[in-house]
Structure formats: C-alpha cells, structure tokens
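Residue numbers (the numbering used here), protein chains in the order written: chain A, 2 to 807; chain B, 768 to 970.
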C-alpha cells in the first residue's frame with residue numbers, strides 16, 4: 002500500500018503542489034457533480050411524478066371537456082325537432098334511422114334511445130345491438146353523470162346520455178364516441194406526456210393487454226403492453242420512463258380500460274443535463290485555470306528552490322562568485338528570505354574561504370606568501386618552464402643567529418625584525434613573476450623564473466650586500482646577516498620539492514661555510530648520490546673496522562699535576578682502504594647531517610672505554626669525547642652510556658663529554674635535560690668552543706657543566722691581540738668564579754702555554770703539546786712529554802701543527 | 768247471503784238511481800299526505816263515456832311565454848284554440864300519442880282549432896321556448912275537475928253508480944297514466960281520498 006502510494010505520489014515538489022491542488026479541486030467538483038447528479042435525478046423524478054399527477058388531472062379534464070362537448074352535441078341533437086318528431090313517431094325503424102343519422106352528425110358510432118325509465122327503446126341503425134347491451138349496466142350511472150368511458154366491443158368509447166324532452170322528459174339519447182388519436186394527441190400536446198390507452202383482457206393480466214391508442218411510436222407498444230398494471234416505472238427503448246396508470250372503466254366481460262401516462266426520465270432530465278454539461282465545461286475550465294494557477298504557484302516556489310539547489314551545488318564546488326537569484330525586492334516571501342540568507346551564507350563562506358586561503362597561503366606576520374603558496378608557485382613556474390625551456394631558480398635564505406635575537410630581544414622584536422627583512426626583500430627589484438615568500442621562522446625564499454643559477458647567485462649576492470646595512474628597529478640597530486642558497490631547474494632538480502630542498506641544502510652549506518651565497522652542488526647534499534655512497538662507505542668503515550681512535554693529550558697547567566698529561570680528547574680517524582686517511586672534515590659534517598654521527602659517537606665511546614685501562618695506567622684522569630647535537634637530542638643517551646660503561650672498567654667520572662655551545666643552543670631545554678641526567682650519572686661535562694656561540698652566562702650557569710673549553714680562535718689570537726687575551730682571561734676568571742675548570746685548546750706555542758698558565762688556566766691542549774695521535778702511541782708520547790718537561794723545548798710541536806693542518 | 772243480495776240489488780238498482788244526482792268530494796294528497804293542488808280527477812264509467820260531450824271555446828293561451836292553463840282537462844272531441852298573446856311567435860307541438868299536432872310559428876290565434884279526439888294526456892311544448900310546457904288531459908266523461916290549492920275537489924251532479932276514479936298530476940313521471948281506482952257513488956254522493964305517488968311538497 003505504502004509503496005504504491007509512494008510510486009504514485011510525485012517526487013517533484015511542483016508536481017506535488019499541482020497534484021494536491023487539482024486533486025482537491027477535482028474532489029470538490031466530483032462531489033458537487035455527484036450531488037447535482039443525484040438531486041437532478043431525484044428532482045426530475047419528483048417533477049415527473051408531479052407532471053404525471055397533473056397529467057392525470059388534465060386527462061380527466063380533457064375527457065370531461067370532451068364529454069361536455071359531446072353531451073352538448075347530443076343535447077342539441079336531442080332537442081332537434083325533427084329528431085324528436087322521429088322519436089315520437091313511434092316507428093322503430095324511423096327512430097333507429099333517425100338515431101343513426103343524427104348520431105353521425107356529431108360523430109357518434111354507437112347510438113341508442115332509452116325510455117324515461119332507462120329501458121331500451123331503440124338502437125341506432127348502424128349500431129350493434131350487442132354493443133348497446135354492454136352499455137346497459139351503465140345507464141343508471143349515465144343518467145346521473147351524463148357521460149362515462151366504456152368498452153364497447155373491446156374498444157374504448159366515451160358514452161354520453163342526454164335526456165330528450167318534448168317538452169317533458171320522454172327518454173334518453175345515448176351516444177358513444179370512440180376514443181380517437183386526436184384525443185391522445187391533444188393530451189400529448191397539452192401535457193407533454195405520452196399517452197397510451199390499453200385494454201386488458203378478462204383476467205386483467207398484463208400479457209393480455211392490447212394497445213388501443215398511443216402517442217408512442219408503434220415499436221414501443223409491445224414493450225408498454227408488457228408493463229404491469231401496478232408498475233410506475235418502465236424501461237422503454239432503453240430509457241427509464243415513469244408511468245401513471247389510470248383505471249378508467251371496465252366492462253361486464255371483465256375487460257378493463259387503462260390509460261397510461263408516461264414520460265421518459267431522460268426527457269425530464271434533459272434540461273438539467275444541459276445544465277450539467279455547462280457545469281462540466283465550467284469544471285474543466287476551472288480545472289484548467291486551477292492547474293495553470295497551481296503550476297504558476299508551484300513554479301514560483303520550485304524555480305527559486307531549483308536555483309537554490311544549483312547555487313548550493315556551485316557552493317559545494319567552491320564557486321562563490323555568482324550571486325543568488327530571487328534575492329531582490331520583489332521577493333518578500335519565505336523563498337526570498339531563504340534566497341537572501343543563502344546569499345548571505347555564500348558571501349560569508351566566500352569570506353571565510355578567503356580568510357582560510359589567506360591563512361593557508363599567506364604568512365600573516367609579513368604578508369608574504371607562505372611555504373604552501375611558494376611551493377605551488379614553484380610548481381606552476383616549472384610547468385610553465387617545461388614548455389618554454391627557460392630555467393627556474395630558487396634562492397633560499399636563512400637569517401643568522403635569529404634565534405638569539407628572539408632570546409635576547411624578545412619574540413615581539415623578532416617578529417618586527419622578520420617584517421623588516423620581508424620589507425627589505427620585497428623592495429628588491431624583482432620581476433612581476435618573481436616571488437618572495439617566508440617559508441618558516443627566519444627562512445625566506447625567492448622564486449626566480451627565467452634566471453639561471455648564475456643570475457640567481459648574482460641576485461643573492463646583491464641581497465647579501467643589502468643585508469650588510471643594519472636594520473634599525475625601536476632604537477636598536479641590528480646587524481642582520483643571512484646565508485643564501487641557490488638551486489636551479491633543470492640543472493639541480495627536476496621537480497619543485499627537490500628544487501626547494503636543494504636550495505635549502507645550498508643555504509645550509511653556505512651557513513656552515515659562512516659564505517654569503519652558494520649554488521647547490523651534489524657534494525653538499527647528504528641526500529645526493531655522492532653522499533649516499535659516502536654513507537654506505539662509512540657504514541662499511543664501521544663494519545670493517547676502518548675507523549681509528551686518535552687522542553690529543555691535555556696537559557695540566559696549574560696545581561700539583563702541572564706539566565703532566567692529565568687527560569686527552571678522543572678523536573676519530575678513518576683509515577680508508579683505498580683513499581688512505583680521510584680527514585675528519587670530509588665525513589664528520591656529513592655524519593652530523595645524516596645522523597650517522599650517533600653511530601660514530603657510540604663507536605668513539607666504546608673505543609675510549611676499551612682503551613681506558615691503558616690510559617689510566619699512563620696517569621690520565623679522564624678522556625673527553627665530543628657529543629654532537631644529535632647525540633644530545635637522543636633521550637636514550639644517558640642510558641646507553643651507562644650500559645656501555647658497565648661492560649668496561651671505566652668509571653663515569655673518567656669520561657668527559659664535550660658539547661659545543663651551538664649544540665646546546667639549538668634546543669636549550671632538551672639539552673639541559675640530557676645534561677642534567679648525564680651529570681647525575683657521574684659524567685663530566687664540558688662546553689666546547691666556548692665564546693663562539695651566543696649562549697648567555699646566565700644560562701650556562703644553570704647547566705651542570707664542570708669545564709669550559711676556550712675556543713682555539715681566541716687562544717691562537719691571544720698573543721697578537723690584546724682584546725682576545727682579555728677575553729681569555731676574563732673567561733677563565735668567570736669560569737673559575739662559577740666553579741668550572743678551564744681548558745684552552747689551540748695552544749700552539751710554549752709562550753701561549755706559559756701565558757695560559759699565568760692566567761691560571763687549568764689545562765691546555767694543542768699542537769704545542771701534541772697533535773692527535775693513535776691511541777697506541779699514547780705511551781710513547783707520555784714518555785717523550787715527560788722527557789720534554791725536563792729540558793724546556795717546544796719547537797718540534799710547532800712543526801707538527803703545520804704538518805697536520807695541511 | 769244477505770250481502771250478496773244487497774250487492775246484487777245495488778248492481779241492478781243503480782241505473783234506476785241515475786236520474787238522481789249526487790256530489791263526490793275528493794281530497795288529493797301526495798305520498799307524504801300533503802294536499803296536492805292541481806290534481807286532475809275524473810270519474811269514468813260506461814254511462815259517463817256516453818254522457819260526455821265535446822267542449823267548445825276551450826283555449827290554451829300563450830302569455831309571457833307560458834301556457835295559460837298549465838293543465839287543461841277537456842272531453843274527447845273538444846277543439847282547442849291556442850291564442851298567442853305574446854309578441855314573439857310560438858311553435859306549439861305535441862308528440863303525445865293522445866294528440867300529435869304542430870302549430871308552426873304563428874302569432875295571434877291560429878285559424879283552425881286543434882281537435883283532441885282521443886282520450887289521454889297530451890304534453891304540449893313550444894319548439895322555440897323549451898321551458899314552456901302544458902298538459903291537456905282528454906277524458907271521456909263529463910265528471911272531471913282539478914283540485915284547488917287545498918287539494919280538494921267537488922264533483923256535482925254525478926249520478927250514483929260505480930265509477931273508476933282516475934287521478935293524475937303533472938308531477939307524475941312523463942307518460943305515466945292516471946291512477947285508476949274504483950269508486951261507488953251512492954245517492955247521497957261519495958267522498959274519497961286519492962294518494963298520488965309523488966310528494967306534494969315537491970311541487
């Protein structure tokens with residue numbers, strides 16, 4: 002049932018509205034039609050019944066009138082002197098012939114004369130005496146009423162009887178007139194009813210009925226004859242007729258005269274039917290008009306709905322530019338309201354979309370495109386370039402020491418500094434298709450379509466020159482320098498991501514090499530084929546035991562141990578089977594970049610721990626091992642170290658871990674956490690290259706370090722530059738004040754060593770004492786150093802230093 | 768025996784008494800006992816028939832479209848005149864078997880009187896004026912008369928004897944014959960009450 006309903010119920014709203022309208026209208030019209038139909042039928046029947054009742058009275062009146070007329074005629078006849086004369090003549094033949102003759106004058110076919118006592122005196126000449134016998138019983142009634150209907154020989158007659166006076170009553174003249182077609186035609190004309198006169202057989206049975214007179218077509222006679230006497234309704238020629246049957250007269254033979262008045266219901270209904278047809282036409286017109294109106298109404302609703310649907314489809318496709326229809330002033334209805342709120346939604350979504358896009362593609366701080374947009378722009382530029390074949394260059398730059406600006410001057414200042422840099426970059430003379438973007442933090446990039454590597458490098462150098470001008474912000478004048486890396490399509494990379502990352506590689510190389518700008522080269526890149534092969538070689542080096550532990554002795558300058566070797570810095574050397582000794586510069590930065598440095602560190606630590614008993618025997622108190630940034634970021638490091646030392650007879654305090662200032666400053670908090678754990682585990686900690694970084698003393702104070710290592714640059718310059726000497730001295734004082742011991746590295750002369758000793762520096766390390774030597778050579782060094790301490794001679798160490806630096 | 772003798776005596780002695788006249792008093796009543804005016808009464812007998820003589824100068828005039836007298840009693844052989852005293856003409860007729868005649872449209876008195884030569888009752892009408900009706904009662908006896916308003920009638924000079932007492936009234940049904948009953952008129956006369964089969968009050 003429901004499925005059926007659903008199937009028939011239209012899906013579209015407009016169709017539903019139209020269907021509902023029309024359905025209701027049709028229902029009302031049908032109901033009206035049914036009511037009218039029923040009432041027409043009932044009315045027609047009632048009217049017809051009334052017509053028939055009136056018809057019966059008309060029929061009676063017609064008969065009475067006819068009787069009156071006939072009576073009058075008969076009276077006139079009866080008064081005719083000649084007729085009276087003949088009647089009085091006493092001659093029966095004369096009388097009969099007079100009756101016949103005078104009856105014929107007024108159309109009577111049955112004539113007779115009765116005596117005053119109603120006895121038959123004479124029968125008209127042409128009249129069947131038997132017929133008159135049939136009238137005998139009527140005589141009394143006729144004397145009273147003057148006329149009657151009677152059956153004579155089975156034929157209906159209207160019989161009148163008038164007295165004959167001469168001048169007193171001498172008898173009665175009886176005249177019978179057959180009912181004729183003129184009468185029923187007259188009746189039909191007057192009443193509009195069909196009239197039929199039937200004579201029934203002796204039994205009164207319908208099948209015996211005989212149609213005597215009728216206004217009906219002859220063909221209908223037999224059907225009418227079949228009608229029962231009591232029937233008031235009859236099907237004639239397929240049409241319903243209402244009947245009214247009047248019993249008129251009987252005869253002694255049992256025959257019966259019956260007049261039937263009838264009329265077709267269809268005739269009576271015909272005018273109503275016409276009215277109904279008009280009503281039907283009106284209904285159809287109404288339906289058409291209503292359907293037109295409902296279609297228009299439905300359209301008024303559904304057209305805006307459809308346009309809203311299309312609009313929402315456009316919105317879902319992300320097209321927000323096309324305003325909605327039906328929002329105008331003419332649409333004050335709910336649809337208009339909906340359309341307006343929809344349009345409002347469109348605008349606000351578009352706005353939000355813009356904001357999102359802005360956030361997604363623009364850097365809110367500097368107003369420059371962000372990394373995402375830059376990436377897209379590079380991809381587009383490459384697609385374009387793929388057609389034109391012109392090169393595309395990407396320049397990437399990263400501010401130096403920006404982190405420290407943030408730390409020292411605050412993030413707000415750092416932000417303004419970035420904005421200043423952005424302005425400076427944006428004001429460069431760039432082509433319209435060139436782009437400056439801020440990729441992250443202090444990292445910016447330029448997209449230079451159409452410039453090859455050389456041109457891009459030139460631009461980068463120009464920019465670097467521009468950076469030489471200090472930026473002035475809030476009374477602070479800040480020297481901002483940056484490292485630039487250049488990569489060029491198609492020479493350096495085939496796709497946008499690679500191009501950007503290669504520019505980045507070049508930039509980091511520039512930063513490491515403290516060059517202003519560098520063009521990408523595969524050798525710079527840890528991800529390049531060259532470095533990949535280097536990495537696998539390095540792995541092989543570990544597996545095939547190609548690495549060698551070298552140690553550089555540390556000499557105590559003050560205290561009871563002064564002049565004696567108290568420690569050493571462990572260094573790694575690579576004994577390549579083909580290339581020979583590979584200098585650390587060739588693989589350490591690479592190892593740091595790739596993360597392989599951690600394996601190297603672990604190797605170093607293990608090698609050192611393995612060596613420790615021999616070193617301890619030489620009087621060494623501890624051995625220093627360098628930790629890289631990556632080591633420091635390894636949360637597992639303290640645990641790994643402890644496990645290592647459990648396997649070897651080396652106490653934690655014998656192991657001094659050297660960390661560069663910059664390694665700590667990369668992520669100060671994690672570094673601090675790791676260092677605290679290491680310190681707690683008993684390891685000694687040392688800050689390497691102190692003075693080159695930007696760490697604050699306040700920060701250093703919090704670190705659980707035991708030792709500072711003054712960078713070689715200060716130590717080496719100390720002898721020529723008094724400022725550097727001051728730095729060294731004050732650093733030593735400072736470290737001591739903080740409870741740290743101080744190690745000076747890069748001690749290349751006896752004078753420097755003497756001076757450091759004078760400055761109360763705790764230990765020294767450098768070519769003056771010894772270059773890094775294989776662990777195995779430590780014994781011989783210890784012996785020779787002890788020997789050197791006796792005669793004070795340091796010339797051979799200087800030579801060695803020169804030899805090594807090559 | 769005695770009675771028979773008396774009767775026989777009476778039968779044979781009567782003619783001897785005929786030389787003597789007697790009066791007969793008749794009272795006419797309707798069936799309701801009320802007096803019936805204008806009742807025609809006559810006594811018939813063989814002697815009376817012989818004694819009857821035609822009347823002369825009897826006329827039934829037509830005045831104001833009525834017959835004057837409505838009922839006229841004449842003896843057989845009397846000739847009646849029908850003088851027309853109206854300005855309109857009349858057509859007096861009778862289809863009665865007692866006398867059938869016709870006086871076609873005339874004014875004044877027709878030249879020939881109408882002879883009523885048969886006993887009976889003739890109904891006269893006017894063919895022009897249907898409402899005009901008159902009766903002529905033709906009798907074969909000299910002893911006849913019409914009752915007065917009280918229905919009383921006295922016939923004088925009636926010889927004693929046996930008579931048929933006949934009575935008739937215009938209100939009787941058309942064609943009805945006069946009532947017939949026996950009446951013996953004694954020397955000192957006789958009296959009788961005749962009852963006619965019609966309601967006196969109906970007239």
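For glycine and all other residues, C-beta sits at the position ideal for the given N, C-alpha and C.
Fill in: Pair within 8 Å by beta-carbon distance, residue 175 (chain A) and residue 115 (chain A)
Yes, Cβ-Cβ distance for residue 175 (chain A) and residue 115 (chain A) is below 8 Å.
Practice prompt. Quick one: residues in its chain with C-beta nearer than 6 Å to the C-beta of residue 23 (chain A), no 5 flanking neighbours on either side, listed in chain order?
Written response: If we look at residue 23 (chain A) and ignore the five residues flanking it on each side, its Cβ neighbours are 292.
Practice prompt. Below 6 Å CB to CB, which residues in the same chain sit around residue 872 (chain B) once its five sequence neighbours on both sides are set aside?
Written response: Contacts found: 856 and 858.
Worksheet item: Any Cβ of chain B within less than 8 Å of the Cβ of residue 86 (chain A)?
Response: For residue 86 (chain A), the answer is yes, since a Cβ of chain B falls inside 8 Å of its Cβ.
Practice prompt. Taking C-beta pairs closer than 9 Å, name the residues in chain A that residue 897 (chain B) reaches, listed in chain order.
Written response: Near residue 897 (chain B) (Cβ distances below 9 Å), the residues of chain A are 80, 166 and 168.
Worksheet item: In the structure shown, what three-state DSSP assignment does residue 652 (chain A) receive?
Response: Of the three classes helix, strand and coil, the one that applies to residue 652 (chain A) here is coil, per DSSP.
Fill in: Within chain A, partners of residue 851 (chain B) - CB distance below 8 Å
Those do not exist, as residue 851 (chain B) stays about 17 Å from chain A at its closest Cβ, beyond 8 Å.
Discussion item. Quick check: residue 453 (chain A) and residue 394 (chain A), are their CB atoms within less than 8 Å of each other?
Written reply: Taking 8 Å as the Cβ cut-off, residue 453 (chain A) and residue 394 (chain A) qualify as a contacting pair.
Fill in: Neighbour flag for residue 171 (chain A) against chain B, beta carbons, 8 Å
Yes, contact with chain B.
Item to complete: Check the Cβ-Cβ distances between residue 206 (chain A) and every residue of chain B, and say whether any is below 8 Å.
Response: Model confidence at residue 206 (chain A) stands at a pLDDT of 48, short of 50, so the residue's coordinates are unreliable; what they give is reported in the following sentence. No, its Cβ sits nowhere closer than 8 Å to a Cβ of chain B.
Worksheet item: Hey, out of B:833, B:848, B:838 and B:798, whose CA is closest to residue 915 (chain B)'s CA?
Response: The residue with the shortest Cα to Cα distance from residue 915 (chain B) is B:838.
Worksheet entry | Residues near residue 791 (chain B) by beta carbon distance below 6 Å, same chain, minus five either side | Apart from the 5 residues on each side of it in sequence, residue 791 (chain B) sits with its Cβ closer than 6 Å to the Cβ of 922, 925, 952, 956 and 957 in its chain, given in chain order.
Practice prompt. Tell me, to the nearest whole angstrom, how far the beta carbon of residue 399 (chain A) is from that of residue 444 (chain A); I am working on the premise that it is less than 8 Å.
Written response: Between residue 444 (chain A) and residue 399 (chain A) the Cβ distance is about 5 Å, and since that is below 8 Å, they are a contact.
Discussion item. Determine, for residue 147 (chain A), whether the minimum Cβ-Cβ distance to residues of chain B falls below 8 Å.
Written reply: Not an interface residue.
Practice prompt. Throw me the rounded Cβ distance for the residue 365 (chain A) and residue 378 (chain A) pair, which I believe falls under 8 Å.
Written response: About 18 Å separates the two Cβ atoms, so there is no contact after all.
Worksheet item: Just reading off the beta strand (DSSP E) that residue 51 (chain A) is part of, what are its end residues?
Response: Residue range 14 to 80 is occupied by the alpha helix (DSSP H) that includes residue 51 (chain A), with no beta strand (DSSP E) assigned at that position.
Item to complete: Grab the span of the alpha helix (DSSP H) containing residue 388 (chain A) for me, first residue to last.
Response: For residue 388 (chain A), the enclosing alpha helix (DSSP H) begins and ends at 372 to 389.
Worksheet item: What residue ranges within the region 552 to 613 of chain A form continuous alpha helix (DSSP H) runs of no fewer than 4 residues, ordered along the chain?
Response: Every alpha helix (DSSP H) of 4 residues or more that sits fully in the region 552 to 613 of chain A is shown, in chain order, as 589 to 595.
Fill in: the region 832 to 862 of chain B: positions lying closer than 7 Å to chain A by Cβ
Residues passing the 7 Å Cβ filter: 862.
Discussion item. So, for residue 462 (chain A): in the same chain, excluding its five sequence neighbours on each side, which residues have a beta-carbon less than 8 Å away from its beta-carbon?
Written reply: 485, 517 and 518.
Discussion item. If you measure between the beta carbons of residue 656 (chain A) and residue 691 (chain A), is that distance less than 8 Å?
Written reply: It is not a contact, given that the beta carbons lie outside the stated cut-off.
Worksheet item: In chain order, what residues of the same chain have a beta carbon less than 6 Å from the beta carbon of residue 617 (chain A), not counting five sequence neighbours either side?
Response: Closer than 6 Å at Cβ, skipping near neighbours: no residue.
Fill in: Where the region 178 to 201 of chain A meets chain B: residues whose CB sits under 7 Å from a CB there
Correct list: empty, as no residue qualifies.
Item to complete: Give, in chain order, every unbroken run of the alpha helix (DSSP H) that is at least 4 residues long and sits entirely within the region 418 to 478 of chain A.
Response: Unbroken alpha helix (DSSP H) runs of no fewer than 4 residues, entirely contained in the region 418 to 478 of chain A, are found at 454 to 468, following chain order.
Practice prompt. Measuring only between beta-carbons, confirm whether residue 890 (chain B) sits less than 8 Å from chain A.
Written response: Chain A has a Cβ within less than 8 Å of the Cβ of residue 890 (chain B).
Worksheet item: For the region 685 to 723 of chain A, which segments carrying the beta strand (DSSP E) assignment without a break, of at least 3 residues, lie completely within its bounds, in sequence order?
Response: The DSSP assignment places complete beta strand (DSSP E) segments of no fewer than 3 residues inside the region 685 to 723 of chain A at 685 to 691 and 708 to 711, in order along the chain.
Worksheet item: Mind listing which residues of the region 96 to 128 of chain A have their C-beta closer than 9 Å to chain B's C-betas, in chain order?
Response: Correct list: 116, 117 and 118.
Discussion item. Quick test of your reading: residue 180 (chain A) and residue 159 (chain A), contact by CB under 8 Å. State the CB separation rounded to the nearest angstrom.
Written reply: With a contact defined as Cβ atoms closer than 8 Å, residue 180 (chain A) and residue 159 (chain A) qualify at about 6 Å.
Practice prompt. For residue 806 (chain B), return the contacting residues in chain A, with the cut-off set at a CB-CB distance below 7 Å.
Written response: Those within 7 Å of residue 806 (chain B) in chain A number zero; the least Cβ separation is about 17 Å.
Discussion item. Check whether the region 843 to 852 of chain B and the region 809 to 829 of chain B touch, using three or more Cβ-Cβ pairs below 8 Å as the test.
Written reply: Contact between the region 843 to 852 of chain B and the region 809 to 829 of chain B is established, with three or more Cβ pairs separated by less than 8 Å.
Item to complete: Please list, in chain order, all residues of the same chain as residue 629 (chain A) whose beta carbon is under 7 Å from its beta carbon, the five residues on each side excluded.
Response: Residues 593, 598, 602 and 664 of the same chain have their beta carbon placed closer than 7 Å to that of residue 629 (chain A), with the five preceding and five following residues left out of the count.
Discussion item. In the DSSP assignment, the beta strand (DSSP E) including residue 816 (chain B) goes from what residue to what residue?
Written reply: Not the beta strand (DSSP E): residue 816 (chain B) falls in the alpha helix (DSSP H), residues 813 to 818.
Item to complete: Quick one: give me the first and last residue of the alpha helix (DSSP H) that residue 10 (chain A) is part of.
Response: Run containing residue 10 (chain A): none; DSSP gives neither H nor E here.
Worksheet item: Could you give the residue range of the beta strand (DSSP E) that holds residue 857 (chain B)?
Response: Per DSSP, residue 857 (chain B) belongs to the beta strand (DSSP E) from 857 to 861.
Fill in: residue 361 (chain A): first and last residue of the uninterrupted alpha helix (DSSP H) it sits in
In the DSSP assignment, residue 361 (chain A) falls within the unbroken alpha helix (DSSP H) covering 335 to 362.
Discussion item. So that I know if they touch, is there some Cβ in chain A lying closer than 8 Å to that of residue 942 (chain B)?
Written reply: For residue 942 (chain B), the answer is yes, since a Cβ of chain A falls inside 8 Å of its Cβ.
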